[in-house]
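Trainee:
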Ligand SMILES: [Zn+2]
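Numbering (the numbering used here), first residue to last: 1255 to 1556.
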């Protein structure tokens, strides 16, 4: 089975918190049968004035080192995912790394970045984060960047983006948007989670949602396990999203994890729970990875 995970912060942790031991390792990915691990270049929490491009480049150089010296294999698109061999694909979290430049979109595309979360929790040149409560949509400079992203078939990731920006994308962006690491707001009332109308719009527009494993996004009491992750998957499936949902763990970006899904090695616990709930093997394969690969086919990656 091909398992894809669409968000983790291992590169940021390795560069900026070397005292911490990352859980996203080649060994854990192999144990968990992960085929495609998306690793993000995170802007850092400092916003536009704290040299986000430099932070992103440090993380990119760390990725190059993992590939050159530690046996990691880069995937240049989700279509390269195969069973039995973990590969890592690059993404970006916090469009401020681009510092408002469309040329930088091309630069990071060359490095292999295939997904850009337009904002993190800070306002940037592209738009406003959900955290801000802003009702303003995508900025003019943001549309220039989005246009170039669409030409290069880079996914527009709406995790962290505010609702006005989200609906702007649904209305005006030519490609289906995705949320690489977000959960269901009806099940856990957090600003980072998606409302039902947003989930519906994702499904209707051919988008994709990766369920985040962060307990604070999964349960109002901040406690979670594999069953709770499956509650969020169930919810989206019951809305008709069985072909539009998967995993966006956020490993190495979250200080607590579900009790029985602490590392990539334990991702199969989620699949076991889905199996217990009566999901067919076809549905399991879709949710585990094929939905994500097909989402990229809709973006133009074959
Ligand atoms: Zn995030």
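Idealized CB from N, CA, C, for every residue including glycine.
Since the model is a prediction, treat every value here as computed from it, not as a measurement.
Which whole-angstrom value is the C-beta distance of residue 1509 and residue 1537, which I expect to be below 8 angstroms?
Mentor: Not really, about 32 angstroms apart at Cβ, beyond 8 angstroms.
Trainee: What does a CB cutoff of less than 7 angstroms around residue 1304 pick up in its chain, not counting 5 residues either side in sequence?
Mentor: 1298
Trainee: Just to be sure I understand the criterion: a residue counts if its Cβ is closer than 7 angstroms to at least one heavy atom of ligand 1. Which residues meet that?
Mentor: 1261, 1347, 1371, 1374, 1413, 1414, 1435, 1504 and 1507
Trainee: Measuring CA to CA, which of 1320, 1293 and 1491 is closest to residue 1462?
Mentor: Ranked by how close their Cα comes to the Cα of residue 1462, the residues 1320, 1293 and 1491 have 1491 in first place.
Trainee: Check whether the segment 1440-1454 and the segment 1355-1362 are in contact - that is, three or more C-beta pairs closer than 8 angstroms.
Mentor: no
Trainee: On the three-state DSSP scale, how would you describe residue 1441?
Mentor: coil
Trainee: If you follow the alpha helix (DSSP H) that residue 1291 is in, where does it begin and where does it stop?
Mentor: No alpha helix (DSSP H) contains residue 1291, which is instead part of the beta strand (DSSP E) from 1288-1296.
Trainee: Relative to the C-alpha of residue 1308, which residue among 1531, 1362, 1293 and 1261 is closest?
Mentor: 1362
Trainee: Going by C-alpha distance, which of 1401, 1388 and 1320 is nearest residue 1360?
Mentor: For the residues 1401, 1388 and 1320, the minimum Cα distance to residue 1360 belongs to 1401.
Trainee: According to DSSP, is residue 1347 part of a helix, a strand, or is it coil?
Mentor: In the structure shown, residue 1347 sits in a strand (DSSP, three-state: E or B).
Trainee: What number of angstroms, rounded off, separates the C-alpha of residue 1518 from the C-alpha of residue 1288?
Mentor: 7 angstroms
Trainee: Excluding the five sequence neighbours on either side, which residues of its own chain have a C-beta within less than 8 angstroms of the C-beta of residue 1546, listed in chain order?
Mentor: Here the set comprises 1258, 1260, 1290, 1332, 1462, 1464 and 1500.
Trainee: Using DSSP bridges, identify the partner residues of residue 1284.
Mentor: None; residue 1284 has no bridge partner.
Trainee: Sort 1347, 1327 and 1346 by Cα distance to residue 1338 and report the nearest one.
Mentor: 1327
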